[in-house]
Amino acid sequence: MIRNGLFAKLFSIVFAVFMLAPLVVVIGVSFTPEGFLEFPPSGISLRWFRAILDNPDFIEAAIMSVQLGVASATIATVICIPAALAIGSGRFAGRDALQALFLSPLTVPTVVLGIAFLRFLSMMGLNGTFWGLVFCHVVIIVPFVLRLVLASVTGLDPSIARAATSLGASDWTVFRRITLPAIIPGVVGGWVLAFITSFDELTVTVFIVNPATTTLPVKLFSHITQTTDPLVASVSTVAILFTVALMLIVDRIYGLDRLLIGEGSR
Amino acid sequence: MAILELRDLTKRFGETVAVDRFTLSVEKGEFVSLLGPSGCGKTTTLQMIAGFETPSGGTILLNGRDLAKVPARARGLGIVFQTYALFPHMTVEENVGFGLEMRKVPADERRRRIAQTLDLVHLSHLSGRYPRQMSGGQRQRVALARALVIEPELLLLDEPLSNLDAKLREEMQLELRRIQQEAGVTTLLVTHDQSEAMALSDRIAVMQGGRLIQEASPFDAYDRPANGFVSSFLGKSNAIPGHLEGGAAGTKLRCRELTLDGPASGETPGPVLISLRPERIEFTGEAEGIVAGRVSERIFLGDKWLFKVETGLGELLVVRRNSGRREPEVGEAVHLFWQAEHLRVLSAESAE
Ligand SMILES: Nc1ncnc2c1ncn2[C@@H]1O[C@H](COP(=O)(O)OP(=O)(O)O)[C@@H](O)[C@H]1O
Ligand SMILES: [Mg+2]
């Protein structure tokens, strides 16, 4: 950090360009006055942003995605807090098995998951429903939440909970007043990561949506299979701005590097 | 009456016996230290008293009441953890007030008691700080205040000073003793640092391998160690294997080819371990010398000198106060003298 070598600097720059280039292209294209994908744009126009308003499908899909993201991220977080506390602090039989179970969705190819979920939801009669989607997204995002929450739980001094107990606090009070506030950066980080993962999930979702529950990524995907107008670019630009705004808010409150790099608690 | 009584307290973790039939009682207002090397079962003992480990056997009585069925949160003990375990998201004031809040103490009395306790530990000016904004020594005081504010019957301290640097540690030793006396709280300290235990305690319980080896005042434990382990663990000591011989004119000690006058001793004649404190050895002239030797090493420590002397009894450690006089140099031939009464005759098996 103090003295980066030339090579390291060069690598960082190349990496940043590589990461940002697609975003720059998408945002650039969205401002074109023309009726086709054009980069660099020949002029600056908000034509394709206005076009979003004429396409309520996209707005409905975006609302659907936000609702799905909030519901899945919240449910996943609520499941992961007790799981992380048990895995992170306990010595009990089946601890490793529990952790492996929670992390296992990471190891299955998403296409396979999509097909499996399709079969499963059909059997349960939940195919295409909102809560069916929520269920699948929870399974997909739980590993992300668990890792972040686990990082802050393992950084926690177990004596802290004992100190509170010795001062007369019940187990519930210890959790509410001591443990939860101490791991909250990891919890919030996990929630945000989960929300974003759910918000742009395509591979699995495309198998299990129906027209009533179409999410934004699925809508964009089906749109570009039909036409190639710059509407996808302007919708993407709005989505990018939304994500960046979310990140900025979290960063202001908790410090993003601390959340994502995993220096969970002090 | 004893505030705390441990009777045959035992803790097994699978095959390992961490604490082995440990018996100890602590009187009201007393400062007692559990002293022993790392891994001897001190923390486990403390955790059982606190209620965080369940004993495998034996009883713990607090004010005559059996604690077996009392959960940790209802024991009302003040505990200071080695890591301080302050609540990171609470200010000093909130940390200290937590125990009072749990006891549903009304807000104004709570404020008064927090202020009073912070005053006791000299931290009133930092009551709004968060733990991460404080130094190690200050956190230590917060932890102490948090434990004391609930006016516990017993204060438990687990290696409270081991995370501080050497100079601060010495300062905090004096502080800890002052605070303990001002608060008048019965205290059980756990430490592996013999100088800390001696400086702070009314009584020391020396532990080894989960067992109580000796229970005595710091002076007695140092001066009359129960065995070779205690004599080498508390301060420095010369341990000389020898052979005890009784006689009408007093005991004799045979070590290698030398015969020494021994002190009165309860040990039966036979092989023994002789312990001699380095500061009880003097340099003297050839006429009075008990053994002759040659200085092999000399270290200046400011207030004292440390010598290693090669003698017929093996290498002996000698400590002399720095009185400003000239002291023997490395390589110099010297003669050593000590009073026979300073020799401690210990059983030979106890040689570590
Ligand atoms: N939870 C545990 N499980 C298994 N063994 C333990 C546990 N806690 C302590 N021990 C063992 O008990 C012995 C005493 O440990 P401890 O009380 O922590 O020693 P000290 O505090 O004196 O250093 C050690 O051998 C340690 O390995
Ligand atoms: Mg310990």
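Heads up: the protein sequence lines correspond to chains A and X, in order.
For the record, in the first sequence the residue sitting at position 180 is 180 according to my numbering, with numbers rising by one throughout.
Heads up, my numbering is the position in the second sequence plus 1000, with the first residue counted as 1.
Positions of the beta carbon are idealized from the N, C-alpha and C atoms, including for glycine.
Local Cβ density within 10 Å of K948 of chain X, reported as buried at 16 or more and exposed below that:
Nothing can be reported for residue 948 of chain X: it is not among the residues displayed for chain X, which extend from 1001 to 1352.
Note down, one range per segment and in chain order, each beta strand (DSSP E) of at least 3 residues found wholly within the stretch 1016 to 1046 of chain X.
Whole beta strand (DSSP E) segments, 3+ residues: 1016 to 1027 and 1031 to 1035.
Start-to-end residues for the alpha helix (DSSP H) that takes in R137 of chain A
Your numbering for residue 137 of chain A matches position 137 in the first sequence. The residue you asked about is not Arg; residue 137 of chain A is His in the sequence shown. H137 of chain A: member of the alpha helix (DSSP H) spanning F130 to T154, first to last residue.
I need the DSSP call for P56 of chain A, collapsed to helix, strand or coil.
As a position in the first sequence, residue 56 of chain A is number 56, starting the count at 1. The answer is helix: DSSP assigns P56 of chain A an H, G or I state.
Between the C-alpha atoms of I331 of chain A and P1152 of chain X, what's the straight-line distance to the nearest angstrom?
Given a span of 1 to 266 for chain A in the structure shown, any question on residue 331 of chain A remains unanswerable.
Against chain A, with Cβ distances strictly below 8 Å, would A1351 of chain X count as a contact?
Along the second sequence, read from residue 1 onward, the residue named residue 1351 of chain X stands at position 351. For A1351 of chain X, the predicted model reports a pLDDT of 45, less than 50, meaning its position is unreliable and no value from the coordinates is stated.
Nearest CA to the CA of A71 of chain A: which residue from A:I196, A:L37, A:I44 and A:Q99?
Along the first sequence, one-based indexing puts residue 71 of chain A at 71. Closest by alpha carbon: A:I196.
Coarse secondary structure for S265 of chain A, derived from DSSP in three states:
Residue mapping note: residue 265 of chain A aligns to position 265 of the first sequence, counting from 1. With a pLDDT of only 38 at S265 of chain A, under the threshold of 50, the placement of this residue in the model should not be trusted; the figure read from the coordinates follows. S265 of chain A: coil per DSSP, three-state reduction.
When you get a sec, list the residues whose CB is within less than 5 Å of any heavy atom of ligand 1, chain order please.
Proximity annotation: ligand 1 has residues X:F1013, X:A1018, X:S1038, X:G1039, X:C1040, X:G1041, X:K1042, X:T1043 and X:T1044 in chain order, each selected because its CB is closer than 5 Å to a heavy atom of the ligand.
What residues in the stretch 157 to 172 of chain A bring their beta carbon closer than 9 Å to a beta carbon of chain X?
From the stretch 157 to 172 of chain A, only D157, P158, S159, I160, A161, R162, A163, A164, T165, S166, L167, G168, A169, S170 and D171 have a Cβ closer than 9 Å to chain X.
Rank X:N1063, X:A1002, X:L1346 and X:F1081 by C-alpha distance to the C-alpha of P1160 of chain X and give the top, closest one.
For the purposes of this step, residue 1160 of chain X is taken as the residue at position 160 of the second sequence. Closest by C-alpha distance to P1160 of chain X, out of X:N1063, X:A1002, X:L1346 and X:F1081, is X:F1081.
For A1292 of chain X: DSSP bridge partner residues:
One-based indexing of the second sequence puts residue 1292 of chain X at position 292. X:H1335, per the DSSP bridge assignment.
Between which two residues does the beta strand (DSSP E) harbouring K1011 of chain X extend?
Reading the second sequence from its first residue, position 11 is the one you call residue 1011 of chain X. A1002 to F1013 is the span of the beta strand (DSSP E), which, as asked, contains K1011 of chain X.
Answer with yes or no whether the minimum CB distance from M1102 of chain X to chain A is below 8 Å.
Reading the second sequence from its first residue, position 102 is the one you call residue 1102 of chain X. M1102 of chain X counts as touching chain A.
Rank X:R1007, X:V1032 and X:K1028 by C-alpha distance to the C-alpha of E1196 of chain X and give the top, closest one.
Within the second sequence, residue 1196 of chain X is the residue found at index 196, counting from 1. Considering only alpha carbons, the answer is X:V1032.
At what residue ranges does the stretch 1077 to 1126 of chain X contain a whole run of the alpha helix (DSSP H), taking only runs of 4 or more?
The stretch 1077 to 1126 of chain X contains these whole alpha helix (DSSP H) runs: 1092 to 1102 and 1107 to 1120.
Looking at the secondary structure, which residues open and close the alpha helix (DSSP H) in which K219 of chain A lies?
Here residue 219 of chain A refers to the residue found at position 219 when the first sequence is read from its first residue. Segment L216 to Q226, the alpha helix (DSSP H) holding K219 of chain A.
For L121 of chain A, which of A:V112, A:G132, A:L148 and A:G69 has the nearest alpha-carbon?
For this step, residue 121 of chain A is matched to residue 121 along the first sequence. For the options A:V112, A:G132, A:L148 and A:G69, the alpha carbon positioned closest to that of L121 of chain A is the one of A:G132.
Could you give the distance in angstroms between the alpha-carbon of G1076 of chain X and the alpha-carbon of F1087 of chain X?
Here residue 1076 of chain X corresponds to residue number 76 of the second sequence, with the count starting at 1. Here residue 1087 of chain X corresponds to residue number 87 of the second sequence, with the count starting at 1. So the alpha carbons of these two residues sit roughly 19 Å apart.
Check each residue of the stretch 1066 to 1081 of chain X: if its Cβ is closer than 7 Å to any Cβ of chain A, include it; give the result in chain order.
Within the stretch 1066 to 1081 of chain X, the residues whose Cβ lies closer than 7 Å to some Cβ of chain A are A1072, R1073, L1077, I1079 and F1081, listed in chain order.
Hey, T237 of chain A and I59 of chain A are a contact pair by Cβ (cut 8 Å); roughly how many whole angstroms apart?
In the first sequence, the residue the question calls residue 237 of chain A occupies position 237. In the first sequence, the residue the question calls residue 59 of chain A occupies position 59. Contact flag wrong, Cβ pair sits at about 15 Å.
Closer than 8 Å to chain X by CB, E263 of chain A
Residue mapping note: residue 263 of chain A aligns to position 263 of the first sequence, counting from 1. With a pLDDT of only 43 at E263 of chain A, under the threshold of 50, the placement of this residue in the model should not be trusted; the figure read from the coordinates follows. No, no contact with chain X.
Residues of chain A with CB under 9 Å from F1098 of chain X, in chain order?
Here the question's residue 1098 of chain X lines up with position 98 in the second sequence. Identification of chain A residues near F1098 of chain X by a Cβ-Cβ cut-off of 9 Å yields A163, A164, L167, G168, A169, R177 and I178, ordered along the chain.
Just how far apart, CA to CA, sit F11 of chain A and M19 of chain A?
Taking the first residue of the first sequence as 1, we reach residue 11 of chain A at position 11. Taking the first residue of the first sequence as 1, we reach residue 19 of chain A at position 19. When rounded, the distance between both Cα atoms is 12 Å.
Please name the residues in the stretch 1032 to 1052 of chain X whose beta-carbon is closer than 7 Å to at least one beta-carbon of chain A, in chain order.
Those residues of the stretch 1032 to 1052 of chain X that come within reach of chain A (Cβ to Cβ, closer than 7 Å) are A1050 and F1052.
Quick check on T1251 of chain X: does DSSP put it in helix, strand or coil?
Reading the second sequence from its first residue, position 251 is the one you call residue 1251 of chain X. The answer is coil: DSSP assigns T1251 of chain X none of H, G, I, E or B.
Among the residues of its own chain, which have a CB less than 7 Å from the CB of F203 of chain A, if the five just before and after it don't count?
Walking along the first sequence from the start, residue 203 of chain A turns up at place 203. Before going further, note that residue 203 of chain A is Thr rather than Phe in the sequence given. Once the five neighbours on either side are set aside, the close Cβ partners of T203 of chain A are T110, V111 and G114.
Flag this pair as touching only if the stretch 36 to 47 of chain A and the stretch 183 to 195 of chain A have three or more C-beta atom pairs under 8 Å; answer yes or no.
Fewer than three beta-carbon pairs drawn from the stretch 36 to 47 of chain A and the stretch 183 to 195 of chain A are found closer than 8 Å, and the two stretches are therefore not classed as touching.
Report yes if the C-beta distance between A84 of chain A and L98 of chain A is below 8 Å; otherwise report no.
Taking the first sequence and counting its residues from 1, one reaches residue 84 of chain A at position 84. Taking the first sequence and counting its residues from 1, one reaches residue 98 of chain A at position 98. Against a cut-off of 8 Å, the Cβ pair of L98 of chain A and A84 of chain A comes out as no contact.
Bridge partners - S1347 of chain X, DSSP secondary structure assignment
Here residue 1347 of chain X corresponds to residue number 347 of the second sequence, with the count starting at 1. Residue pairing by DSSP places S1347 of chain X opposite X:V1272 in a beta bridge.
Find the nearest neighbour of V235 of chain A within the set A:A245, A:H223 and A:L246, judged by alpha-carbon distance.
For the purposes of this step, residue 235 of chain A is taken as the residue at position 235 of the first sequence. A:H223 is the residue among A:A245, A:H223 and A:L246 whose C-alpha sits nearest the C-alpha of V235 of chain A.
Thinking C-alpha only, which one of A:I249, A:A245, A:T129 and A:V244 is nearest I208 of chain A?
Residue mapping note: residue 208 of chain A aligns to position 208 of the first sequence, counting from 1. Scanning A:I249, A:A245, A:T129 and A:V244 for the CA closest to the CA of I208 of chain A turns up A:T129.
Using the C-alpha atoms, what's the distance from G1057 of chain X back to R1012 of chain X?
As a working note, residue 1012 of chain X is residue 12 in the second sequence. As a working note, residue 1057 of chain X is residue 57 in the second sequence. Going from the Cα of R1012 of chain X to the Cα of G1057 of chain X covers about 9 Å.
Indicate whether L167 of chain A and I1150 of chain X have their beta-carbon atoms separated by less than 8 Å.
Residue numbering aside, residue 167 of chain A sits at position 167 when the first sequence is read from its first letter. Residue numbering aside, residue 1150 of chain X sits at position 150 when the second sequence is read from its first letter. The Cβ atoms of L167 of chain A and I1150 of chain X lie closer than 8 Å to each other.
May I have the straight-line CA-CA distance separating G1209 of chain X from R1203 of chain X, to the nearest angstrom?
As a first step, residue 1209 of chain X is located in the second sequence; it is residue number 209 there, counting from the start. As a first step, residue 1203 of chain X is located in the second sequence; it is residue number 203 there, counting from the start. One C-alpha to the other measures close to 20 Å.
Chain C beta carbons: is any one of them nearer than 8 Å to that of A1085 of chain X?
Going by chain labels, chain C is absent from the structure shown, which instead holds the protein chains A and X.
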